[in-house]
Amino acid sequence: MFIKLKKDHTCLVLLIFVLFFSRINAQELPPINVFTPQQYNGENQNWAISQAQDKTIYVANNVGLLEYNSAKWTRYNSPNETILRSVKVVKDKIYTGCYMEFGYWKKNGLGILEYTSLSKNESISLIEDEQFWQIVNLDNWLLFRSLNRIYIYNTLDFTFTVIESKSTITKLFKVDNTIYFQDINKGIYKIVNGKKEIFIDHSITKTQLIINIFNYKNKLLVQTENNGFFEFNNGVLSPWDKNINKTLANYSVYSSIVLKNGGFAIGTISNGVLLLDKNGILIHKIDQNLGLSNNTVLSVFEDNDSNIWLGLDNGINCINSNSPIKIFNDSKGQLGSVYASAIYNGNLYLGTNQGLFYRSLNNATKPFTFIEGTQGQVWCLQIIDKQLFCGHNSGTYIVEEDQALKMSNVQGAWSIKTIKNKPNFLLQGNYNGLNILEKYNGNWRFKNKIEGFDISSRFFELINNRTVFVSHEYKGVYKIEIDDSFTKAKSIEVKAINKGLHSSLFKYNNSVYYVHREGFYKYKPNDDKFAKDSLLSKSFSPINYSSGKLINDLESNTLWGFTKTEIIRIKPGKLSNKPEINKIALPKNLRNNITSYENIIHIKNNEYLLGTTSGYLIIDINKFDNASEFIALKTIASSVRNGKPKMLSLKEKADLKPNENNIELTYSLTQFDKFKVAEYQHQLLGIYDEWSNWTDDATVLYRNLPSGDYTFNVRGRLGKNVSKNTISYQFYINKPWYASNVAIAIYLLGFILLILLLHYFYNNYHKKQREKLLGKAQRDLERKELENKQQQMQFKNQQLQQDIDSKSRELAISTMSLIKKNEFLNSIKTELKTKDSDANIKSVIKIIDKNINTTDDWKFFQEAFNNADKDFLKKLKTQHSVLTPNDLKLCAYLRLNLSSKEIAPLLNISPRSVEVKRYRLRKKMNLPHETSLANYIIEL
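Numbering (the numbering used here), first residue to last: 765 to 1704.
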């Protein structure tokens, strides 16, 4: 029971899988550029679109006028902050209409749009709540349509003519040089000489909302909102005899235009846009499921390059109807990423990460059908021996129509190669290495594994029947010799060559190449080594390297390669051995392929199918034209540091202040192809003379430029096609005041004055120094003279001192002589007194006494004393007038620091008497008790 339930469950899952994947509806559509309100900085609804001569797009948005130059969106708010309903570019003016207002915008010299009102003209007065939904130009007239009036503006004499309606004017139609309009419930009118005339008076034109009127094969084609097209011929209105009317009966149409190729673009209210050819056959129905950002198309416009612009209820879309690329996008993820593709028996097969799918090649509108039993990863699709082989994660299949028969269970079938001179053998690379497939009784089957080599063999090539090269991204390149029975590897050699991610191996023109980020290496059999091929390596530079996988299209002998910015197509040279290398500008991020698993096949004529992560691209290589575009300078702004930018004139050379040295320039190559990337290169002569690297940034900002003259140059390119022109702009940044010519003159004058002042101060200083030196010399001379005088005085003083010393010595000698003499006389006297006294002795004693007390000795002493100690006695007499001559004599002896014992002989008295004299002297001099008499006299 459990087994039965499990089996039923498995069948149910399989059934659901088959039903889910069995049919995948999608279309091969032109590229669509999607712009969201966040991108264009506006609100959701977009009511009208127009284009200027320089290809700039203008859109009437709920919030105002949008400007787009393919590099930048700019928004200009509505003049009265109401919804902008209409826009029409005529020459250099952009006319717009909104609630109770219409007028035009024009660029000033700064490249900024400025608005001028026309509705405020005194000759007209608007009616209450009037909105202007449409603007049409014819020769020198502009027609502004509201729901109740048509204002006809003469651009030559600036006058207005007004056409009134008592009902509702739904649309204006310009057909050739005639203006028509629908007045609801009354029919279709045409304007003749500024007056309205009834043109089609039919119940259809009265009751049905007319969307547009076209000239179709010299007849008028009238399109209605809900009932398709009607043909008006010879006064008769009849349904258009086309199948498209049955389709249109299911849609509500809001807007439409006739295309340059004679076809039609029809915008619906809830079903996206319908694209018809000139015969009214539906080519594409594109809605939100197929890439539009909204199903309500409010406006349709075809630009100069046949791009179809859609103003949507939520966003703006641009369909590149003339693009060389068509996209099959599996938006629901039912198909998956395409790893392989093949055309077999009139069917297109796609191998994806989710299985194998197919459809009829010639019916692009037919959905893809899943081939049962192939769910899982498909690695390769190859036609060998007129059979389609499918290399799958689970094994190898033979495919016929919608059937896939598994012929090998060896997992991971990377690729299959034929073996020369072995028509019944095939060499297959698998997860487990190399394997042999054989043809037995007309059917292919697995034969054996090549023993001895077990490394995953995604990239491999045969040099001959027995030698195989295998490239493994992380292990390197192996050279394998296989035995004659194709059962085992006789020898395995690892070649000395760089290895790394996205490297590969391929065969072209019977030569084996190894591809690595560092270049192309060609195998040289004679040298048994890989040598770098400089020509091919140059086309795949390391900086632009993306994938090493190259695809050899044996049918056209074309080699396809893929880089970050291009698809490279290599073909043999027609007149030389040098190959022809053509590059298709298709960046990796736009082609959206799986790196290292790129796949491309030829479809028909010049069309090729390139697998992507969500479907595939159809590329028409002949439509990649070499046309160049013009580049235009859009805005220039200068600013001070952290200040508000100031717009500059585009036409005049700017003369900027020193601090306005931050310059920002914007420019663009105005083109709107999704798969064309505009790149720019610029230089600033005067500081950056070399051209910059190519970049997709359409703005450049130079900060803190020094003063000087500058010339800015910019050019652009689309792919390899450089713009037709190079834009130049000149500006001058003035020097700061401290570096201006006046300041330099002041500096020079100041320098001269400084030199003069320095010269003056130097001379003054030199003079002062000289005077100082002279003064110093004079002072030195005077000092020398003074020193000489001092020396002379010192010599005199020394002489005087010597005289004083001599006098003192004489005094001392005389004093000592007196003392000795008196001592001697006293000793004789004493001796004589001891003898018997007689008259002779007494006479002798008298003589002795006379000699001891002689005044002559005192006079001699006094003269010597005065010479030695001048004015002492006078000073002493002055201070102590009571002193007697004997007192003065005692003071003189005390001045000589003589003791009482030494003084006694001089006075011819005893030492005791000297002490008495000293005492009396103290009394007379009134000396305090504690003062020494001798010291007082010595210090006096």
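Even glycine gets a Cβ: it sits at the ideal position worked out from N, Cα and C.
My parser needs the alpha helix (DSSP H) runs of 4 or more residues fully inside the stretch 881 to 938; what are they? none
Open item on the list: If you reduce the DSSP assignment to three classes, tell me which class Glu1202 lands in.
Closed with: strand
Self-check item: Other residues of its chain near Thr1463: CB distance less than 6 Å, five sequence neighbours each side excluded
Solution: Thr1430
Checklist line | Buried versus exposed call for Ile955 [16 or more other C-beta atoms within 10 Å across all chains shown] | finding: buried
For this session: Spatial neighbours of Lys1553 within its chain, please: CB distance less than 7 Å, with the 5 preceding and 5 following residues excluded, ordered by chain position.
Result: none
Glu995 lies in the alpha helix (DSSP H); which residues open and close that run? First-last for Glu995: Phe993 to Asn997, but that is the beta strand (DSSP E), not the alpha helix (DSSP H).
* Asked: Going by Cα to Cα distance, which pick from Lys1211, Pro1289, Ile1609 and Gly1312 is closest to Ser1235?
  -> Gly1312
Practice problem: Starting from the C-beta of Glu807, find all residues in its chain whose C-beta is less than 7 Å away, skip the five residues before and the five after it, and write them out in chain order. | Solution: Pro801, Asn825, Asn826 and Val827
- Task: Determine the DSSP secondary structure at His966, reduced to helix, strand or coil.
- Result: coil
### Query
Exposed or buried, what is Thr1695 when buried is set at 16 or more other beta-carbons lying within 10 Å of its beta-carbon?
exposed
Next item on the list: Please determine if the stretch 839 to 856 and the stretch 864 to 874 are in contact, where contact requires at least 3 C-beta pairs separated by less than 8 Å.
Entry: yes
Cutting at 6 Å between CB atoms, please list the residues of its own chain near Asn1071, excluding the five before and the five after it. Cys1082, Asn1084 and Phe1436
Indicate whether Asn1117 and Gly1137 have their beta-carbon atoms separated by less than 8 Å.
-> no
**Prompt:** Mind checking Leu1300: buried by the 16 CB within 10 Å criterion, or exposed?
**Reply:** buried
**Q.** Selected residue, minimal CA-CA separation from Asn1014, among Ser1002, Thr1032 and Ser1020
**A.** Thr1032
How many Å lie between Trp1324 and Pro1306 at the Cα?
-> 17 Å
Pairwise C-alpha distance: Leu1550 and Ile1702: 34 Å
> Counting Cβ pairs closer than 8 Å, one from the stretch 1151 to 1160 and one from the stretch 1402 to 1415, do we hit at least three?
Replying inline: no
TODO: State the start and end residues of the unbroken alpha helix (DSSP H) segment that holds Val1441.
DONE: Per DSSP, Val1441 belongs to no alpha helix (DSSP H) and is neither H nor E.
Between the alpha carbons of Phe1525 and Gly1514, how many angstroms are there, rounded? 16 Å
Is it the case that the Cβ atoms of Glu1066 and Leu1039 are separated by a distance below 8 Å?
no
Runs of 3 residues minimum, wholly inside the stretch 1203 to 1278: which ones carry the beta strand (DSSP E) assignment? 1207 to 1213, 1223 to 1226, 1231 to 1236, 1240 to 1246, 1253 to 1258 and 1268 to 1272
Are the CB atoms of Gly951 and Thr925 nearer to each other than 8 Å?
no
To the nearest whole angstrom, what separates the beta carbons of Ile730 and Tyr1108, a pair I think is in contact under 8 Å? One cannot answer for residue 730 here, as it falls past the ends of the chain, which runs 765 to 1704.
Considering only residues of the same chain and omitting the five flanking positions on each side of Lys1288, which have a CB-CB separation below 6 Å? Ala1295
Report task. Name the two residues that bound the continuous beta strand (DSSP E) containing Asn810. Result -> Asn810 to Gln815
Practice task
Identify every run of the beta strand (DSSP E) within the stretch 1468 to 1497, keeping only runs that are complete inside it and at least 3 residues long; order them along the chain.
Solution key: 1472 to 1482 and 1491 to 1497
Taking the beta carbon of Thr1459 as the centre, do at least 16 other beta carbons fall within 10 Å, making it buried, or is it exposed? exposed
Quiz item: Tell me the DSSP bridge mates of Asp1419?
Solution: Tyr1496
If you check the beta carbons only, do Phe1495 and His1446 fall under 8 Å apart?
no
Here's the rule I'm using: 16 or more other beta-carbon atoms within 10 Å means buried, otherwise exposed. How should Phe785 be labelled? Reliability fails at Phe785, whose pLDDT of 42 lies under 50, so the model's placement of it is uncertain and the value that follows must be treated cautiously. With 16 or more other Cβ atoms within 10 Å, it is buried.
**Request:** Go ahead and label Leu1265 buried or exposed: buried means 16 or more other beta carbons lie within 10 angstroms of its beta carbon, across all protein chains shown.
**Result:** exposed
How close, in whole Å, do the beta carbons of Ile1091 and Leu1482 come, if the pair is a contact with beta carbons under 8 Å?
So it is not a contact: roughly 19 Å between Cβ atoms.
Review point. Is the stretch 1382 to 1394 close to the stretch 1336 to 1343, with three or more CB pairs under 8 Å?
Key: no
Checklist entry - Leu1449: which of Tyr1493, Lys1421, Ala1442 and Arg1467 sits nearest, CA to CA? => result Tyr1493
message = Going by DSSP, what residue range makes up the alpha helix (DSSP H) through Val1680?
response = Pro1675 to Met1689
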